[in-house]
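*Asks:* Numbering (our numbering), first residue to last: 692 to 829.
First the structure, then my questions, so here it is.
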């Protein structure tokens, strides 16, 4: 309510909690308090989130700029390292394939003379007849 809307005998009081309330006065009427002066537009405090954002913005931007400068300076070295790594991977892969082929050839030569030749001859008479067979190892 505006001060001119308060009926006579009623006054506005501020409670200890800071809350404003209307109360009947039991004594002589006191003059109404003067209305509070409007706050200046620039006198409001700055919120904490705005301060934090304002402090972090140049830090984050500076970090990104330093990272970009570092990457641009390191780019030729990174390219050379990546080429060296790919060459190493290709050499390892070629060496592994060559080793597998050599081991396979050596193993085939060693086991070719030792491998036995096995033959089986199985005969059966009728649908449910008993099967007989021979196994020859040579």
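Even for Gly, the Cβ is constructed at its ideal location relative to N, Cα and C.
Report the three-state DSSP secondary structure of residue 825 (helix, strand or coil).
*Replies:* As a working mapping, residue 825 is identified with position 134 in the chain shown. Three-state result, residue 825: strand.
*Asks:* Could you name the residues that DSSP lists as bridge partners for residue 695?
*Replies:* By 1-based counting over the chain shown, the position of residue 695 is 4. Answer is none; residue 695 lacks a bridge partner.
*Asks:* So what's residue 818 in DSSP terms, helix, strand or just coil?
*Replies:* Counted from its first residue, the chain shown places residue 818 at position 127. In the structure shown, residue 818 sits in coil (DSSP, three-state: anything other than H, G, I, E or B).
*Asks:* Our contact map puts residue 810 next to residue 827 with C-beta atoms below 8 angstroms; I'd like the distance itself, whole angstroms only.
*Replies:* Start at 1 with the first residue of the chain shown, and residue 810 comes out as number 119. Start at 1 with the first residue of the chain shown, and residue 827 comes out as number 136. Their Cβ separation, rounded to whole angstroms, is 5 angstroms, which keeps residue 810 and residue 827 in contact under 8 angstroms.
*Asks:* Report all residues from its chain with a CB closer than 8 angstroms to the CB of residue 704; omit the five preceding and five following residues, and keep chain order.
*Replies:* For this step, residue 704 is matched to residue 13 along the chain shown. Answer for residue 704: 711, 712, 713, 714, listed in chain order.
*Asks:* Who are the near neighbours of residue 816 in its chain, counting only those whose CB is closer than 8 angstroms to its CB and skipping five residues on each side?
*Replies:* For the purposes of this step, residue 816 is taken as residue 125 along the chain shown, with counting starting at 1. The answer is none, since no qualifying residue turns up.
*Asks:* Cα separation between residue 738 and residue 747?
*Replies:* Sequence index remark: in the chain shown, residue 738 carries index 47 (1-based). Sequence index remark: in the chain shown, residue 747 carries index 56 (1-based). Each residue's Cα considered, the two are about 15 angstroms apart.
*Asks:* Do residue 813 and residue 795 count as a contact pair if the criterion is CB distance below 9 angstroms?
*Replies:* Position 104 of the chain shown, counted from the first residue, corresponds to residue 795. Position 122 of the chain shown, counted from the first residue, corresponds to residue 813. Not in contact: residue 795 and residue 813 (Cβ atoms no closer than 9 angstroms).
*Asks:* Pick helix, strand or coil for residue 809, following the three-state DSSP scheme.
*Replies:* Translated into positions along the chain shown, residue 809 becomes position 118. In the structure shown, residue 809 sits in a strand (DSSP, three-state: E or B).
*Asks:* Would you list the residues sitting across from residue 703 in a DSSP beta bridge?
*Replies:* Numbered from its first residue, the chain shown carries residue 703 at position 12. In DSSP, residue 703 forms a bridge with 713.
*Asks:* For residue 708, does the three-state DSSP call read helix, strand or coil?
*Replies:* Residue numbering aside, residue 708 sits at position 17 when the chain shown is read from its first letter. DSSP places residue 708 in coil when its eight states are reduced to three.
*Asks:* Can you list the beta strand (DSSP E) stretches of 3 or more residues lying completely in the region 759-809, in chain order?
*Replies:* As far as the region 759-809 is concerned, it has no whole beta strand (DSSP E) run of at least 3 residues.
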